[in-house]
Amino acid sequence: GDMTYKQRNNLLHDMTDSVANLVLQNNYLQTQALSIALSLAPSLLNVHTRLLRYLENNGHLDRELEFLPNNKVLAERKTNQQGLNSPELCVLIAYSKITLYQALLESDLPEDPYFQTVLTNYFPSQLSEHFTTEISQHPLHREIIATIATNMVVNRASGVFVFLLNEETGQTSPDIVRAFMVAWEIFAMQSLWQEIEALDNQVNVQVQISMMIDARKQVERVSRWLLRHHHLDILQSIDLLRPGVIKLTEKLASLIDETDKKNLDIAVSHLVEAGVPKALAIRVNSLPLLLPALDIIEIASNTEVDLEHVAILYFRLGTEFNLGWLFNKISELSRDTRWTSLSRSALRDELYNTHRKLTIVVLRTDATEPQAQLKTWMEQKQVCITRCQQVLADVNNIENLDLSVLSVALREIRNLL
Numbered sequence: 045g046d047m048t049y050k051q052r053n054n055l056l057h058d059m060t061d062s063v064a065n066l067v068l069q070n071n072y073l074q075t076q077a078l079s080i081a082l083s084l085a086p087s088l089l090n091v092h093t094r095l096l097r098y099l100e101n102n103g104h105l106d107r108e109l110e111f112l113p114n115n116k117v118l119a120e121r122k123t124n125q126q127g128l129n130s131p132e133l134c135v136l137i138a139y140s141k142i143t144l145y146q147a148l149l150e151s152d153l154p155e156d157p158y159f160q161t162v163l164t165n166y167f168p169s170q171l172s173e174h175f176t177t178e179i180s181q182h183p184l185h186r187e188i189i190a191t192i193a194t195n196m197v198v199n200r201a202s203g204v205f206v207f208l209l210n211e212e213t214g215q216t217s218p219d220i221v222r223a224f225m226v227a228w229e230i231f232a233m234q235s236l237w238q239e240i241e242a243l244d245n246q247v248n249v250q251v252q253i254s255m256m257i258d259a260r261k262q263v264e265r266v267s268r269w270l271l272r273h274h275h276l277d278i279l280q281s282i283d284l285l286r287p288g289v290i291k292l293t294e295k296l297a298s299l300i301d302e303t304d305k306k307n308l309d310i311a312v313s314h315l316v317e318a319g320v321p322k323a324l325a326i327r328v329n330s331l332p333l334l335l336p337a338l339d340i341i342e343i344a345s346n347t348e349v350d351l352e353h354v355a356i357l358y359f360r361l362g363t364e365f366n367l368g369w370l371f372n373k374i375s376e377l378s379r380d381t382r383w384t385s386l387s388r389s390a391l392r393d394e395l396y397n398t399h400r401k402l403t404i405v406v407l408r409t410d411a412t413e414p415q416a417q418l419k420t421w422m423e424q425k426q427v428c429i430t431r432c433q434q435v436l437a438d439v440n441n442i443e444n445l446d447l448s449v450l451s452v453a454l455r456e457i458r459n460l461l
């Protein structure tokens, strides 16, 4: 009511290109999400099958009506190491969005202060720069926010992201979305994703997809940590965790051991040879090395010890007991069924918890420097440490590690507490 008819028409004319670009960007992201899903389809068939059954059992989906494969066909595809095809994945992604949107709309998530900026940025700048108050009071602001959040999570993190984290943590869809947003912000995933997208038609598309999958893994793992540790106030968690992540990212090269440095250099060189800028290659391949950042930040906050001091000790402990290798072996375990997925998740969480507790124990020794603290503690626990390292060496020599063997290895590390 505050605009004349002519002013309205001029504004609409000025926004034409912006609206067109927003539509094209949405289409681009959906195509991108489908490409990534298709590349992972064979390895995720069991997860997709569980999601299909969940949607069907809860009355959200009729497989026969949507021409989706029945249990017999799915079993045949598993035998043949095949996944869902492109049209089937389109349907599954669509239903994932529908059910997530409904869950978000029925929750208080659209009222979260974090999404006010998200809502404003959704509109063309010609509108948002002059009508911020009006946008925040839009009669469909809840529906718009639920749509934005749904598209962001499913397009960037996959159609199975919320389903898997619900299986593993029991948390609700809105809380899983909150965790996603925190993870996305504290690791600056938007800029990382844009750097990868900027390589369109410059590098092989599979190279881009591989980097996006690495970014997804980080978001999933960080989101899981946030859900376990109840960091679900989005703005507060970003303010608490983002500065520490930035600092540890800057210090990473001085914290990791020679093995990690060598592996990082090899991974970076492979991407550079494929045409990826070195800075981006380093950033992508540093992500898994930065996963402990959240534990380190929390330890430093709770013990009131300098962040870098805690980080040095945390990484030295990891090197001493080869915890990075153990983490990777746990991550390689199957997640074929809900129960194997839960077992894998529980074992990984236990490793994180043990590493965190060990760090706190060593911090309590009388010495003042990280290296001296570690030396003092290892002298005090020499007998237990010798046994633990022997068991870990034996485990390292086993070719096919399963849940039982890795559980024994983790128990030995736990005995050091």
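Residue 45 is where the sequence shown starts when you use my numbering, and the numbers rise one by one after that. The beta carbon of each residue, even a glycine, is placed where N, CA and C say it ideally should be.
Self-check item: Neighbourhood of Leu391 by C-beta, 8 Å cutoff - its chain only, sequence neighbours within 5 removed
Solution: In the sequence shown, counting from the first residue as 1, residue 391 sits at position 347. Ile374, Leu377, Leu447, Leu450, Ser451 and Leu454.
Quiz item: Taking one C-beta from the segment 327 to 335 and one from the segment 293 to 304 each time, how about it: are there three or more such pairs within less than 8 Å?
Solution: As far as the Cβ criterion goes, the segment 327 to 335 touches the segment 293 to 304, which means the pair count is three or higher.
Quiz prompt | Candidates Leu89, Tyr158 and Leu445, of which the one nearest Asn124 by Cα | solution = In the sequence shown, residue 124 corresponds to position 80, counting from 1. The shortest Cα separation from Asn124 among Leu89, Tyr158 and Leu445 belongs to Leu89.
Quiz item: Is the segment 357 to 367 touching the segment 429 to 443, taking contact as three or more C-beta pairs under 8 Å?
Solution: The answer is yes - the segment 429 to 443 touches the segment 357 to 367, with three or more Cβ pairs under 8 Å.
Quiz item: According to the Cβ coordinates, are Leu148 and Pro218 closer than 8 Å?
Solution: Position 104 of the sequence shown, counted from the first residue, corresponds to residue 148. Position 174 of the sequence shown, counted from the first residue, corresponds to residue 218. Result yes, Cβ atoms of Leu148 and Pro218 sit closer than 8 Å.
Self-check item: Sequence-distant residues of its chain with Cβ nearer than 6 Å to Pro154 (five each side left out)
Solution: For the purposes of this step, residue 154 is taken as residue 110 along the sequence shown, with counting starting at 1. Its chain contains Arg186, Ile189 and Ala190 as the residues whose beta carbon lies nearer than 6 Å to that of Pro154, once the 5 sequence neighbours on both sides are disregarded; these appear in chain order.
Quiz item: Can you tell me whether DSSP reads Ala201 as helix, strand or coil?
Solution: To locate residue 201, count along the sequence shown from 1; it is residue 157. Residue state, collapsed to three classes: helix.
Quiz prompt | Within 8 Å, strictly: CB atoms of Leu299 and Leu361 | solution = Within the sequence shown, numbered from 1, the residue matching residue 299 stands at position 255. Within the sequence shown, numbered from 1, the residue matching residue 361 stands at position 317. Between Leu299 and Leu361, the CB-CB gap reaches or exceeds 8 Å.
Quiz item: Near Met225, what residues of its chain come up, given a Cβ to Cβ distance below 6 Å and the 5 sequence neighbours on each side ignored?
Solution: The residue you call residue 225 lines up with position 181 of the sequence shown. Take Met225, set aside five residues on each side of it, and the residues of its chain with a beta-carbon closer than 6 Å to its own are Ile278, in chain order.
Self-check item: Pairwise C-alpha distance: Asp304 and Lys141
Solution: Here residue 141 refers to the residue found at position 97 of the sequence shown. Here residue 304 refers to the residue found at position 260 of the sequence shown. Straight-line Cα distance between these residues: approximately 38 Å.
Quiz item: Is the number of C-beta pairs between the segment 329 to 340 and the segment 390 to 408 that are closer than 8 Å three or more?
Solution: The segment 329 to 340 makes contact with the segment 390 to 408, as at least three CB pairs between them are under 8 Å.
Quiz item: What is the DSSP secondary structure of Ala147, counted as helix, strand or coil?
Solution: One-based indexing of the sequence shown puts residue 147 at position 103. Residue state, collapsed to three classes: helix.
Self-check item: Inter-residue Cα distance where the pair is Val91 and Arg97
Solution: Position 47 of the sequence shown, counted from the start, is the residue given in the question as residue 91. Position 53 of the sequence shown, counted from the start, is the residue given in the question as residue 97. CA-CA distance, Val91 to Arg97, rounds to 10 Å.
Quiz item: When you compare each of Val349, Leu236, Met59 and Asp350 to Pro321 by their alpha carbons, which one comes out closest?
Solution: Here the question's residue 321 lines up with position 277 in the sequence shown. Looking at the Cα atoms, Leu236 is the closest of the given residues.
Quiz item: So, using beta-carbon positions, are Ile253 and Ser79 closer together than 8 Å?
Solution: Within the sequence shown, residue 253 is the residue found at index 209, counting from 1. Within the sequence shown, residue 79 is the residue found at index 35, counting from 1. Result yes, Cβ atoms of Ile253 and Ser79 sit closer than 8 Å.
Exercise. Give a yes or no on contact between the segment 197 to 210 and the segment 255 to 266, applying the rule of three or more CB pairs nearer than 8 Å.
Key: Because the criterion of three Cβ pairs below 8 Å is met, the segment 197 to 210 and the segment 255 to 266 touch.
Practice problem: Compare the Cα-Cα distances from Leu243 to each of Thr213, Ala297 and Ala318 and report the closest residue. | Solution: In the sequence shown, residue 243 corresponds to position 199, counting from 1. Taking only the C-alpha atoms, the option nearest Leu243 is Ala318.
Self-check item: Same chain, Cβ closer than 6 Å to His275, neighbours up to 5 away in sequence not counted
Solution: As a working note, residue 275 is residue 231 in the sequence shown. Take His275, set aside five residues on each side of it, and the residues of its chain with a beta-carbon closer than 6 Å to its own are Ser281, in chain order.
Practice problem: Count the CB pairs spanning the segment 100 to 116 and the segment 170 to 177 that are closer than 8 Å, and state whether there are at least three. | Solution: These segments do not touch.
Quiz prompt | Buried versus exposed, by CB contacts within 10 Å (16 or more), Pro332 | solution = Position 288 of the sequence shown, counting from 1, holds the residue named residue 332. By the Cβ neighbour-count rule, Pro332 is buried, with 16 or more other Cβ atoms within 10 Å of its own.
Quiz item: Is Thr403 buried or exposed, if buried means 16 or more other CB atoms sit within 10 Å of its CB?
Solution: Walking along the sequence shown from the start, residue 403 turns up at place 359. So Thr403 ends up on the buried side.
Self-check item: Contact check, Thr213 vs Arg272, beta carbons under 8 Å
Solution: By 1-based counting over the sequence shown, the position of residue 213 is 169. By 1-based counting over the sequence shown, the position of residue 272 is 228. Yes, they are a contact pair.
Quiz prompt | Alpha-carbon to alpha-carbon, Ile192 and Thr60 | solution = By 1-based counting over the sequence shown, the position of residue 60 is 16. By 1-based counting over the sequence shown, the position of residue 192 is 148. If I take the Cα positions, the gap works out to 20 Å.
Practice problem: Indicate whether Leu407 and Val316 have their beta-carbon atoms separated by less than 8 Å. | Solution: Position 363 of the sequence shown holds residue 407. Position 272 of the sequence shown holds residue 316. For Leu407 and Val316, no; Cβs fall outside 8 Å.
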